[in-house]
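Trainee: For the sequence shown, our numbering assigns the number 719 to the last residue and increments by one with no breaks.
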Amino acid sequence: MLPVVPLAAQEPADSVQRALDEVTVEAARQYVTPEKAVYIPEEKQKKASSDAVALLARMSIPSLRVNALQQTVSTAAGQDVKIFIDFLPATSDDITGMRMKDVRRVEVLDYPDDPRFHGAEHVVNFIMQKYEYGGYAKVYNQLFTTFSDLVERPRANAKFSYRRMTYDLVVGGDVCHGNQLSQEEHSTFLFPGLTPSEEITRDQMPDGDGRLRYHSAYTTFRAVYNADKMQIANSVGFNYTRQPHFDTFSRTSFAGIGLPSEQTASLMQRLWRTLEWNGDYYFALPHNFTLTVNPIVNYSYSERNSTYTVANLPSIENFATSKSTAARLNTRLNRKVNDRITLWADISGSFSRNSVEYAGTSPGKVTLDHSFFGPGVGVSLRLPSFYASADAGYAMEWSDTGQSEDTPCYPYVHLSANYTFSQKLSVGLFTQFASNTPDAADRSPVMQQQNEFMWNCGNPYLTSSRHFTFQAWGNWMPSNLFQMSGYVTYYHLFDNCRQIYRPEIAPDGRPMMLSSKVNSGDYNSASAGVNFTLKLLKNSLQISGGPSLNHYSLTGVGSSLKRTYLTGGAQASYYLGSFNFIAYYYAPSKSLGAVSGAEEWNSANYAIGAGWANNDWSVQLYGTQLLSKNHVSSRTDLSTPYYIYRYALENGNNTPTLYLTVSYTVGFGKKVQRGNEVDAVSAGSDGILQ
30 MLPVVPLAAQ EPADSVQRAL DEVTVEAARQ YVTPEKAVYI PEEKQKKASS
80 DAVALLARMS IPSLRVNALQ QTVSTAAGQD VKIFIDFLPA TSDDITGMRM
130 KDVRRVEVLD YPDDPRFHGA EHVVNFIMQK YEYGGYAKVY NQLFTTFSDL
180 VERPRANAKF SYRRMTYDLV VGGDVCHGNQ LSQEEHSTFL FPGLTPSEEI
230 TRDQMPDGDG RLRYHSAYTT FRAVYNADKM QIANSVGFNY TRQPHFDTFS
280 RTSFAGIGLP SEQTASLMQR LWRTLEWNGD YYFALPHNFT LTVNPIVNYS
330 YSERNSTYTV ANLPSIENFA TSKSTAARLN TRLNRKVNDR ITLWADISGS
380 FSRNSVEYAG TSPGKVTLDH SFFGPGVGVS LRLPSFYASA DAGYAMEWSD
430 TGQSEDTPCY PYVHLSANYT FSQKLSVGLF TQFASNTPDA ADRSPVMQQQ
480 NEFMWNCGNP YLTSSRHFTF QAWGNWMPSN LFQMSGYVTY YHLFDNCRQI
530 YRPEIAPDGR PMMLSSKVNS GDYNSASAGV NFTLKLLKNS LQISGGPSLN
580 HYSLTGVGSS LKRTYLTGGA QASYYLGSFN FIAYYYAPSK SLGAVSGAEE
630 WNSANYAIGA GWANNDWSVQ LYGTQLLSKN HVSSRTDLST PYYIYRYALE
680 NGNNTPTLYL TVSYTVGFGK KVQRGNEVDA VSAGSDGILQ
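#1: What do you reckon, are the CB atoms on V648 and N683 nearer than 9 Å?
#2: Rounded to a whole number of angstroms, what is the C-alpha to C-alpha distance between P289 and S216?
#3: Alpha carbon to alpha carbon, what distance is there between T277 and D708?
#4: Identify whether T120 lies in helix, strand or coil by the three-state DSSP scheme.
#5: So which of T281, Y191, G503 and L444 has the shortest CA-CA distance to T230?
#6: Could you give the C-beta distance for F553 and Y516, rounded to a whole number, given that I count them as a contact under 8 Å?
#7: Within a Cβ cutoff of 6 Å, which residues of the same chain sit near A388, ignoring the five residues on either side of it in sequence?
#8: How would you label H316, buried or exposed, when you count the other beta carbons within 10 angstroms and need 16 or more for buried?
#9: Please go through the same chain and pick out, in chain order, the residues whose beta-carbon is closer than 6 Å to the beta-carbon of F459, but skip the five residues on each side of it.
#10: So which of Y614, L590, Y594 and A555 has the shortest CA-CA distance to G574?
#11: For the candidate residues T562, A294, S264 and A463, whose alpha-carbon lies nearest to that of P576?
#12: If I measure Cβ to Cβ from V168 and keep anything under 6 Å in the same chain, skipping five residues before and after, which residues do I get?
#13: Count the other CB atoms within 10 Å of the CB of V132; is the residue buried (16 or more) or exposed (fewer)?
#14: Would you check if the distance between the CB atom of K352 and the CB atom of N383 is smaller than 9 Å?
#15: Give the range of the beta strand (DSSP E) segment to which V586 is assigned.
#16: Can you tell me whether DSSP reads V52 as helix, strand or coil?
#17: Which residue or residues does DSSP assign as beta-bridge partners of T354?
#18: Quick one: what's got a C-beta closer than 6 Å to K394's C-beta in the same chain, skipping five residues either side?
#19: Hey, D524 and R495: beta-carbon distance below 9 Å or not?
#20: Pull up the distance between the alpha-carbon of L667 and that of F318, whole angstroms please.
#21: Mind reading off the beta-carbon distance from P404 to L358? Whole number of angstroms is fine, and I expect it under 8 Å.
#22: Helix, strand or coil for V468 per DSSP?
#23: Mapping DSSP to helix, strand and coil, what is V361?
#24: Looking at the unbroken beta strand (DSSP E) that takes in Q108, where does it start and where does it end?
#25: List the endpoints of the continuous alpha helix (DSSP H) containing R87.
#26: So what's D476 in DSSP terms, helix, strand or just coil?
#27: Do you know how far the Cα of N154 is from the Cα of T101?
#28: Taking only the alpha-carbon atoms, compute the straight-line gap between K365 and M157 and give it to the nearest angstrom.
#29: Secondary structure at F146, three-state DSSP: helix, strand or coil?
#30: Give the C-beta separation of Y603 and L570 to the nearest angstrom, bearing in mind that I take them to be a contact with Cβ-Cβ under 8 Å.
#31: Quick one, are the C-beta atoms of R94 and Q74 less than 9 Å apart?
#32: For C486 and G431, I'd like the C-alpha separation in whole angstroms.
#33: Which of the three DSSP states is assigned to G126 in this structure?
#34: With a CB to CB cut of under 6 Å and the five nearest residues on each side skipped, what residues in its chain are close to S428?
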């Protein structure tokens, strides 16, 4: 932390004595360098925060978009941000298990060349207080309820450090009992030549509350060895998640075909079991070389059983099991040539296999293999006010669905630069040319029936799509009382992967609409926005927010589309002794799906909250969507030549909800060695066709 420096006026040389008031210069709590922006949180912000994301929300960093309740962090332009703690990757339990009073500063980096960030494009790195030895324990629980739903997220972290070793253990789980789950669908199917009508409409309206039930349990253990020239971290974790109910009940009516209005039910059960080992190794070698190695091995087993029932009609049943094995290895060798130039070479490789077996209405079996190998080289240049990095490589992929093989090979190029006019003003830019690879399930040849007319099928001949990205941004920090950032982005996707719908005849002779994906046309998106932070009343009141403008265009199969949307948000925080208060509002947002071509709408998001905290205890109470009467949280509108779709979802996100978060932290030993806590292993991915 920068010191507060008192400047005393010197006395004049003559004999006249004049007392001058002491002048105090307040140290800057934020500054920029060519490589990063640094922020020093205030003590009241740390005390009022129960976890790391909550601290970021209260700091109101203009270049970040943070939602503490949903635990999301992105850039102001919407790109993902990776969180690190003392240069180690942070996970959700790192975030909730952090001891807030140990946070010394927060660094925000865009496209860093430090190999410990594993190539992450946008990074928030928490720098923590270092101690000799000791440990701490933290218990954390969050409850939220809509008065008919209840979700609980308890977890406990423990850390112990002795000499060069640090050990972390986390146990936790999630429990959900949800009843506010419903969806409204309106579909129009066009079948040329079908009699008596070429047009069939299907309307599905909620008929009673749905059910969402799930529970999970996890544990993770990690050991870290720290030395002057190396850091070796290994973690192993297990996750078990069971979802016995994801059920919706509706009344479905039809027009244009001789089917009566009937009650329908969509029932789904899911299960995940995941075991993962993760290594993170850093070595400082002779002659200014450094080496990082990051191996990951993951095994996952999952089940998905769904039943769609219509009164007086046969049920549509889909039972799927997936066994997935994945391994990945990332390595990077850096060479610091001098104080200005750094060179590096990296190699990344991965392999995954998804074995999926389907039973029920549409039985089948498929094994999906995917391999990746990508060598690359890069260089960075550091000057007193300028930083730039460039890297290039060649990516080679191999995918096998059992019916076809795809071996896309493509170059990629990244270029970033930052210029600092002073510690208060900086600008930067980034360009990229790379490729998007289809998911394994998108290339699965298995057909799955979804309802009376809709079937899904992967496309084994789907290929990768190239894309170009450009971003520019600026940060202005004239004082502790005001900061501002702005950005512009452009994204172009070539030979886009598009969802299409075409009329076919089902195996039973009835008309069906077959959904699959093909490469067709281009997708463009552009955005611009500004954000500000203003502090008043001796920093007790903090206001932040700003608008953003987004433009989308889509070509290819179907009609060409262009859409422009304006959105924005604002937040206010107030501190009064040990108490804190917060309120925020984010306007409804819209977007145009690159794959689906559908217009997506999400409801406004707003909340008020209050809390009390000291150095060990933190209690926070939030109320969200308290004035909401229409509980629809998202809408989807899609128009294609043969299929028109309108969808509205109620899942509790736009329902009045209370959040209660309580945490307690206790330290032990002489001093606490602070790093980052380990996380639960997430439920693994699978290749099951959705």
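Glycine included, every Cβ here is placed at the ideal spot set by N, Cα and C.
Just so we're clear, the structure is a prediction, and the values are computed from it rather than from any experiment.
Mentor: So, from the data block:
#1: Not in contact: V648 and N683 (Cβ atoms no closer than 9 Å).
#2: Rounded to the nearest whole angstrom, the CA to CA distance from P289 to S216 is 16 Å.
#3: With a pLDDT of 42 at D708, under the threshold of 50, the predicted position of this residue should be treated as unreliable, though the coordinate-derived value follows. Looking at the two C-alpha atoms, the distance is approximately 32 Å.
#4: Coil, per DSSP.
#5: Ranking the options by Cα distance to T230, first place goes to T281.
#6: The question names Phe, but residue 553 is Asn in the sequence shown. Here N553 is actually not in contact with Y516; their C-beta atoms are around 17 Å apart, not less than 8 Å.
#7: F348.
#8: Looking at its Cβ environment, which holds fewer than 16 other Cβ atoms inside 10 Å, H316 is exposed.
#9: Result list for F459: Y140, S445 and Q500, in chain order.
#10: Across the set Y614, L590, Y594 and A555, the C-alpha of Y614 shows the shortest separation from the C-alpha of G574.
#11: Residue T562 holds the alpha-carbon nearest to the alpha-carbon of P576 among T562, A294, S264 and A463.
#12: Only A185 and Y693 meet the Cβ criterion.
#13: When all chains shown are included, V132 counts as buried.
#14: In this structure, N383 lies closer than 9 Å to K352 by Cβ.
#15: Under the DSSP assignment, V586 falls outside any beta strand (DSSP E); it carries neither an H nor an E label.
#16: For V52, the pLDDT reaches just 44, beneath the cut-off of 50, and the residue's location in the model is therefore unreliable, leaving the point undetermined.
#17: The partner list for T354 (beta bridge, DSSP) reads Y328 and R382.
#18: Around K394: E386.
#19: Between D524 and R495, the C-beta gap is smaller than 9 Å, which places the two residues in contact.
#20: For L667 and F318, the distance between alpha carbons rounds to 54 Å.
#21: No, P404 and L358 are not in contact; Cβ-Cβ is about 13 Å, not under 8 Å.
#22: According to the sequence shown, residue 468 is Asp rather than Val. D468 falls in the coil class under three-state DSSP.
#23: For the sequence presented, residue 361 should be read as Arg rather than Val. In this structure, R361 counts as strand in the three-state DSSP scheme.
#24: Run containing Q108: none; DSSP gives neither H nor E here.
#25: Per DSSP, R87 is one residue of the alpha helix (DSSP H) stretching across A81 to M88.
#26: Going by the sequence as given, residue 476 is Met instead of Asp. Looking at M476 - three-state DSSP - the assignment turns out to be strand.
#27: One C-alpha to the other measures close to 15 Å.
#28: Their backbone Cα atoms lie some 26 Å apart in a straight line.
#29: The answer is helix: DSSP assigns F146 an H, G or I state.
#30: Their Cβ separation, rounded to whole angstroms, is 5 Å, which keeps Y603 and L570 in contact under 8 Å.
#31: Taking the C-beta atoms as reference points, Q74 is found no nearer than 9 Å to R94.
#32: Rounded to whole angstroms, C486 to G431 spans 15 Å at the Cα level.
#33: G126 falls in the helix class under three-state DSSP.
#34: These residues qualify, in order along the chain: H399 and D435.
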